[in-house]
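K.L.:
The end of the sequence shown is residue 426 by the working numbering, with every number in the run present.
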Amino acid sequence: MRKPLIAGNWKLHNTVQQSEQLARDVIEQIGQTEEIEIVIAPVFTALAAVNTICKNSNIQLAAQNCHCIDSGAYTGEVSAPLLADVGCSHVIIGHSERRQYFGETNQFINAKTKAVINTDLTAIICVGETLEQRESGELFDVIASQVKSALADITATQMAQVVLAYEPIWAIGTGKTASSEDAEEVHAYIRGILYGLYGASIADKCRILYGGSVKPNNISELMAEDDIDGALVGGASLSADDFAAIVRYKKTLKISPQ
Ligand code: 13P
169 MRKPLIAGNW
179 KLHNTVQQSE
189 QLARDVIEQI
199 GQTEEIEIVI
209 APVFTALAAV
219 NTICKNSNIQ
229 LAAQNCHCID
239 SGAYTGEVSA
249 PLLADVGCSH
259 VIIGHSERRQ
269 YFGETNQFIN
279 AKTKAVINTD
289 LTAIICVGET
299 LEQRESGELF
309 DVIASQVKSA
319 LADITATQMA
329 QVVLAYEPIW
339 AIGTGKTASS
349 EDAEEVHAYI
359 RGILYGLYGA
369 SIADKCRILY
379 GGSVKPNNIS
389 ELMAEDDIDG
399 ALVGGASLSA
409 DDFAAIVRYK
419 KTLKISPQ
């Protein structure tokens, strides 16, 4: 059984103080559960402060990006060891906004994935197609190429430090979610790629998250699909109420107060 993972990507929002407040609210709303892994990803400048707040909770901390080299003359960059130093356990890699606006290539994303793994952190690697690519029938080729290049030279053992996230670009921040069937089709396809690369036992263990307008009202349907193991939530993760409602998608979830 794969443990569900719900991650909140706060993107470029919130000051340190606002991030601290949101983290406190999330902890208070969610309480303690062993059944779901919960990750939040504030902006770089708020990581240390939010780490202090999350220390005695079961909420884990992610960065939204990192550089592929640990240290050196790379003005403006932040490396995986520095993120570990402020308490991160996860790093989001290859988000479509990074690919689109900052020209991140599959090769660069692979180098970043290796840096995250070599630092003993978990990489949440994002893949996803544009509407144009989907409509022109390139969907599966695009996904295969993104998944295979991101995982180039990553060993079966290292796959324990990898989570994949399928985020169709046309569904991000648009209010348009892929139907759960459409999402499942791509998730099953990605798992098929993992079978081919690493065999059944690794492929069956790897979590594949869905991202793109995930809200409290569509999470249950998405999570009911066989190969959807969690969600990478953008907009709705900025509201503690909505994020908590997403985490509590399962009516039977056992939650104890914080
Ligand atoms: P939204 O949930 O706002 O569509 O964002 C999804 C996303 O990009 C998460 O990484």
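All C-beta atoms in this analysis are idealised placements derived from N, C-alpha and C, irrespective of residue type, glycine included.
This structure is a prediction, so every number in the text was calculated from the model and none was measured.
Report all residues from its chain with a CB closer than 7 angstroms to the CB of Gly380; omit the five preceding and five following residues, and keep chain order.
P.N.:
Closer than 7 angstroms at the Cβ level, and outside the excluded window around Gly380, lie Glu335, Pro336, Ala339, Ile340, Thr345, Ala346.
K.L.:
Where DSSP assigns a beta bridge to His263, which residues make up the other side?
P.N.:
Answer by DSSP bridge pairing: none, since His263 is not bridged.
K.L.:
Is any non-hydrogen atom of the ligand 13P found closer than 7 angstroms to the C-beta of Glu272, if you look at the structure I gave you?
P.N.:
Answer for Glu272: no, Cβ out of range of the ligand 13P.
K.L.:
Taking only heavy atoms of the ligand 13P into account, decide whether any of them is closer than 7 angstroms to the Cβ of Ser304.
P.N.:
Outside the cutoff, so no.
K.L.:
Enumerate in chain order the residues of its own chain whose CB-to-CB distance from Ala371 is below 7 angstroms, with the five nearest sequence positions on each side excluded.
P.N.:
Correct list, in chain order: Arg359, Leu362, Tyr363.
K.L.:
Ignore the nearest five residues each way along the sequence and tell me which others in Tyr366's own chain have a CB closer than 7 angstroms to its CB.
P.N.:
Ala324, Met327, listed in sequence order.
K.L.:
Helix, strand or coil: how does DSSP classify Gln186 here?
P.N.:
Three-state result, Gln186: helix.
K.L.:
Helix or strand or just coil, what does DSSP make of Ser225?
P.N.:
Residue state, collapsed to three classes: coil.
K.L.:
What whole-angstrom Cβ distance do Gln200 and Ser424 have, given they're in contact under 8 angstroms?
P.N.:
Yes, they are in contact, since the Cβ atoms of Gln200 and Ser424 sit about 5 angstroms apart, within 8 angstroms.
K.L.:
One question on the structure: do Ala404 and Val194 come within less than 8 angstroms of each other, judged by their Cβ atoms?
P.N.:
No, they are not a contact pair.
K.L.:
Exposed or buried, which one is Leu190 when buried takes at least 16 other CB atoms within 10 Å?
P.N.:
When all chains shown are included, Leu190 counts as buried.
K.L.:
Residues in its own chain within less than 7 angstroms of Arg266 by CB, not counting five upstream and five downstream?
P.N.:
Hits under 7 angstroms: Asn233, Glu272.
K.L.:
Spatial neighbours of Glu245 within its chain, please: CB distance less than 6 angstroms, with the 5 preceding and 5 following residues excluded, ordered by chain position.
P.N.:
Excluding sequence neighbours, Glu245 sits near His235.
K.L.:
Would you decide whether Gln185 is buried or exposed? Buried here means 16 or more other CB atoms lie within 10 Å of its CB.
P.N.:
Gln185 is exposed by the Cβ-count criterion.
K.L.:
Might you give, ordered along the chain, the residues of its own chain that have their beta carbon closer than 6 angstroms to the beta carbon of Ile137, omitting 5 neighbours on each side?
P.N.:
This structure cannot speak to residue 137, because the chain is shown only from 169 to 426.
K.L.:
Provide the residue span of the alpha helix (DSSP H) that contains Glu113, from first to last.
P.N.:
Because the chain here runs from 169 to 426, residue 113 falls outside it and cannot be looked at.
K.L.:
Can you find the residues in the same chain that come closer than 7 angstroms, C-beta to C-beta, to Phe212, ignoring five residues on each side of it along the sequence?
P.N.:
Excluding positions up to five away in sequence, the list reads Ala231, Val246.
K.L.:
My output table needs one value for Asn385: the three-state DSSP class, helix, strand or coil.
P.N.:
Residue state, collapsed to three classes: coil.
K.L.:
By the three-class DSSP mapping on this structure, what secondary structure does Gln200 have?
P.N.:
In this structure, Gln200 counts as strand in the three-state DSSP scheme.
K.L.:
Is the beta carbon of Ser187 closer than 8 angstroms to that of Ala214?
P.N.:
In contact: Ala214 and Ser187 (Cβ atoms closer than 8 angstroms).
K.L.:
Where does the unbroken alpha helix (DSSP H) through Leu250 begin, and where does it stop?
P.N.:
Segment 248–253, the alpha helix (DSSP H) holding Leu250.
K.L.:
Can you tell me whether Tyr417 is helix, strand or coil according to DSSP?
P.N.:
Coil, per DSSP.
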